[in-house]
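Note that our numbering numbers the sequence shown so that position 276 is 264, with each residue one more than the last.
Following: one structure in structure tokens, then a few remarks.
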Amino acid sequence: MDSTRVTEQPTSYERPDPGATPADTPGAFPPASAPAHGPGSTSSSSPSPSPPSSVPASPAVSASSAASGTAGPGAEHSQPHTGQESGPETHRPRPVSEGIPPQPAGGRKPDVHDHPAADHPPTAPPAPRGAPDEQTDREQTDRERADQDRGSQGHGSQDPAPQDGSAPAPDGPERRTGQITPPGKPTPMRRDGDRLRFVGAATRRIARGIDLEEIVMGLCRATVPTFADTILVYLREPLPVGDERPTGPLVLRLRRSDRIPAERDTEGGFVPAAAPARSELDSIGSERCTVRPGSALAEVLRGVRPVFTDAPAARAALPELLGEGAESDVPDGQRAILAPLRGRRRVIGAALFLRGPERIAFEADDLLVAAQLATHSALGIDKAVLYGREAYIADELQRTMLPENLPRCTGVRLASRYLPAAETARVGGDWYDAIPLPGSRVALVVGDVMGHSMTSAAIMGQLRTTAQTLAGLDLPPQEVLHHLDEQAQRLGADRMATCLYAVYDPVAHRITIANAGHPPPILLPLGGRAEVLRVPAGAPIGVGGVDFEAVELDAPAGATLLLYTDGLVESRLRDVWTGIDQLRDRLAATAQLTGPDHPPPLEALCDEVLDMLGPGDRDDDIALLAARFDGIAPNDVAYWFLEPEDAAPGRARRLARKALSRWGMEDLSDSVELLVSEVVTNAVRYASRPVTLRLLRTDVLRCEVGDDVPQLPRLRQARATDEGGRGLYLVNRLARRWGATRLSTGKVVWFELNHGN
-11 MDSTRVTEQP TSYERPDPGA TPADTPGAFP PASAPAHGPG STSSSSPSPS PPSSVPASPA
49 VSASSAASGT AGPGAEHSQP HTGQESGPET HRPRPVSEGI PPQPAGGRKP DVHDHPAADH
109 PPTAPPAPRG APDEQTDREQ TDRERADQDR GSQGHGSQDP APQDGSAPAP DGPERRTGQI
169 TPPGKPTPMR RDGDRLRFVG AATRRIARGI DLEEIVMGLC RATVPTFADT ILVYLREPLP
229 VGDERPTGPL VLRLRRSDRI PAERDTEGGF VPAAAPARSE LDSIGSERCT VRPGSALAEV
289 LRGVRPVFTD APAARAALPE LLGEGAESDV PDGQRAILAP LRGRRRVIGA ALFLRGPERI
349 AFEADDLLVA AQLATHSALG IDKAVLYGRE AYIADELQRT MLPENLPRCT GVRLASRYLP
409 AAETARVGGD WYDAIPLPGS RVALVVGDVM GHSMTSAAIM GQLRTTAQTL AGLDLPPQEV
469 LHHLDEQAQR LGADRMATCL YAVYDPVAHR ITIANAGHPP PILLPLGGRA EVLRVPAGAP
529 IGVGGVDFEA VELDAPAGAT LLLYTDGLVE SRLRDVWTGI DQLRDRLAAT AQLTGPDHPP
589 PLEALCDEVL DMLGPGDRDD DIALLAARFD GIAPNDVAYW FLEPEDAAPG RARRLARKAL
649 SRWGMEDLSD SVELLVSEVV TNAVRYASRP VTLRLLRTDV LRCEVGDDVP QLPRLRQARA
709 TDEGGRGLYL VNRLARRWGA TRLSTGKVVW FELNHGN
């Protein structure tokens, strides 16, 4: 036996020739050409020559064949194991249906002498006939693996030359169409693999966007220059949200237009050979167009599928989309694709992909690529619009639930902070509020509804509105909590919340506090040590049947009161009281930095308090309200009782003039006497008890007149024949601000004047 010549054992993973006899080996390749052998001839005595396009056998397989002493069929069907391709003719053919013989490599027609049963006995053991599905699966897996190996050689790579030194065979026919592949052109299977990789990379890039701009930018960046030289993205204006039915005509606006950049983006896909120069593509595209019903553009958009612009319908739609005359700048031939963008319910825009004349034109399979890009982009835009609406609703809900700006109250300065539990859920159940009350007082409220969901936020909004209404009635703090408890029970059996309600009086320098299961406030006196106020805890709101107790404490000028929710002091790493002690120590340390005579700035104090939270040390929403008590000095307050009689207005004018003279504000005497006379006259006319008159000197001059009549006065335009009704008109014209507030014992009418009046 000649040991210098061995042949490769044929693989058993190929579909057998349908023309073979039952004695033929299933899965054996038929030889392309072979000399006839006698029945007694062997491989050692009659070596058969190899065809010119044969590939050397793998060493491992050759050694195995030599050891077994068998010879395989022709070497042109041997499969190399080096991971390289020797030419199109070495590709393993696709499985064909029964009755259609496979085409030999190189485009040669099959010959009757090529039948394996005529000359060659089977050289491989027959495969089990009872498992055709397993054999087909193995064939398909082997082919897919071979295609992946071929695609991993890189874009535009050429097939390696045969290892035996022979010249490469001409390109074979295209597997699906049967057309001859031109020299230098990548094989169709390799081009399909490039398209799949490009679509995968592009869809991943588009899916990374969470808002509208990111998705449109992802589409443009993934497309240019890998798939097209220019892309124009038109979106509906305005974009419909969810199931909303758009009104008015369909208007498309150019959302983004990208051209090929100087630096190439080679992320996935098939990249053109060179960057084209600036051309007429740079001037294509109008900013806005209106789609007329029944027009060519409307029909193209209704068709949903991408089309080449050389089609008559698409060519007629370009002037409407790009503007009159701009369609002439679109390259001729299959160099432009118009792809409608369809969301879940309706068309929301269109994308125009363009290639320059110096680049290879689009192919039919590129329409599938454009369809994938358009589908993923449109669905992403649809979801981004929905997400934007949800984020807008959440932001609006938060802004309406919490005060946008804290009021400027006499004798007190305020600062606040709010931190949601997470950025994705920016609304929770914590709230704070500052409500001006009659008599220059202010109500300070901090509450916490259990949970930090949208339901908690809705309940919080209702409780905050109820607290504002009750504060306007000037009810005591314990009565406010009692009514809040009743409201929470009406909202549901499991609607529970904690709340702390405090009323500060800057004239009396006192504060009244009632608590409903909330963490106690901390008072930081001027030059003193921070202390936790002893306030009865009470039961949470919503329990029902519980009495609330209020305590009245001193509020010295320069002191700071800190109200907060449990998210600031409680976490998985510490309990509530440990957090309260740490907060008190932080406030004391901050106060020492400014000295005993100067309180720390409120804004800086709030930031310093929040800095005590470490990374991952926050599990709940945080609401923080800080109040600096400035108070009103006794010598800046003038207070009188007036009997409800006809002489009361004259006496009120004299008392006001004396107080202004004592304060050095004689320039306001005329205005104050006129306004005080009008307001006191109206109060005396209906009051049955003494009327109160109070003047407060702060940054403005404030006058307050109280009586026991609950009806609030209303501003109206008096007729020429009316004897009254002009008092509030004068107040509205001369005063800086004015108002009327109902009390539990009556009402207070007040007005303010600037010092310069």
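Don't be surprised by glycine CBs; every beta carbon is placed ideally from N, CA and C.
| Asked | Found |
| --- | --- |
| First through last residue of the alpha helix (DSSP H) which encompasses Thr454 | Met442 to Gly460 |
| Selection from Leu390, Leu656, Leu207 and Cys397 that minimises the alpha carbon distance to Ala362 | Leu207 |
| For Val737, the first and last residue of its enclosing beta strand (DSSP E) | Gly734 to Leu741 |
| Cα-Cα separation between Tyr492 and Leu601, rounded to whole angstroms | 29 angstroms |
| At least 3 beta-carbon pairs within less than 8 angstroms: the segment 299 to 315 vs the segment 186 to 194 | no |
| Simplified DSSP state of Val318, which is helix, strand or coil | coil |
| Segment limits, beta strand (DSSP E) that includes Gly727 | Arg725 to Leu731 |
| Residue of Asp180, Ile610, Arg244 and Gly480 minimising C-alpha distance to Leu390 | Ile610 |
| Neighbourhood of Gly727 by C-beta, 7 angstroms cutoff - its chain only, sequence neighbours within 5 removed | Trp738 |
| Secondary structure, beta strand (DSSP E): runs of 3+ residues fully inside the segment 517 to 605 | 538 to 542 and 548 to 552 |
| Under the three-state DSSP convention, the category Asp696 falls into | coil |
| Per DSSP, the bridge partner or partners of Tyr420 | Val434 |
| Cut-off 7 angstroms between Cβ atoms - residues of its own chain near Cys594, not counting five sequence neighbours on either side | Ala403, Arg405, Leu612 and Ala614 |
| Segment limits, alpha helix (DSSP H) that includes Thr388 | Ala352 to Met389 |
| Cβ pair Val679, Leu630 closer than 7 angstroms | yes |
| Reduced DSSP category for Pro629 - H, G, I as helix; E, B as strand; rest coil | Per the sequence shown, residue 629 should be read as Phe rather than Pro. Note: Phe629 maps to strand in three-state DSSP. |
| Complete runs of the alpha helix (DSSP H) confined to the segment 610 to 689 [at least 4 residues] | 636 to 651 and 657 to 674 |
| Proximal residues to Pro508 (C-beta, below 6 angstroms), its chain only, five neighbours per side dropped | Val520, Leu521 and Val523 |
| Option nearest Asp535 by Cα separation, candidates Leu684, Leu356 and Leu472 | Leu472 |
| Element boundaries [beta strand (DSSP E), containing Cys208] | Here Cys208 belongs to no beta strand (DSSP E); instead the alpha helix (DSSP H) covers Leu200 to Thr211. |
| Euclidean distance between Cα positions of Asn742 and Leu656 | 9 angstroms |
| Euclidean distance between Cα positions of Gln322 and His440 | 56 angstroms |
| Beta-ladder partner(s) of Tyr492, from DSSP | Val430 and Ile499 |
| Opposing strand residues paired with Tyr222 [DSSP bridges] | Leu242 and Ala338 |
| Rounded C-alpha distance that separates Val557 from Trp565 | 8 angstroms |
| DSSP three-state assignment for Thr191, whether helix, strand or coil | helix |
| Extent of the continuous alpha helix (DSSP H) to which Arg330 belongs | Note, Arg330: premise wrong, no alpha helix (DSSP H); beta strand (DSSP E) at Ala324 to Arg330. |
| Cβ contact check for the segment 476 to 496 and the segment 417 to 428: 3 or more pairs under 8 angstroms | yes |
| Cβ shell of Pro588 (< 6 angstroms), same chain only, five flanking positions each side left out | Thr578, Ala579 and Thr582 |
| Cβ pair count under 8 angstroms reaching 3, the segment 659 to 671 against the segment 619 to 638 | yes |
| For Val229, three-class secondary structure by DSSP | coil |
| Candidates Ile203, Val335, Gly230 and Pro513: closest to Pro237 by CA position | Val335 |
| Buried/exposed call for Ala476, threshold 16 Cβ in 10 Å | buried |
| 8 angstroms contact criterion, which Leu329 and Ala366 should meet: CB distance rounded | 4 angstroms |
| His586, buried or exposed, once every other Cβ within 10 Å from all chains shown has been counted against 16 | exposed |
| Local Cβ density within 10 Å of Asp695, reported as buried at 16 or more and exposed below that | buried |
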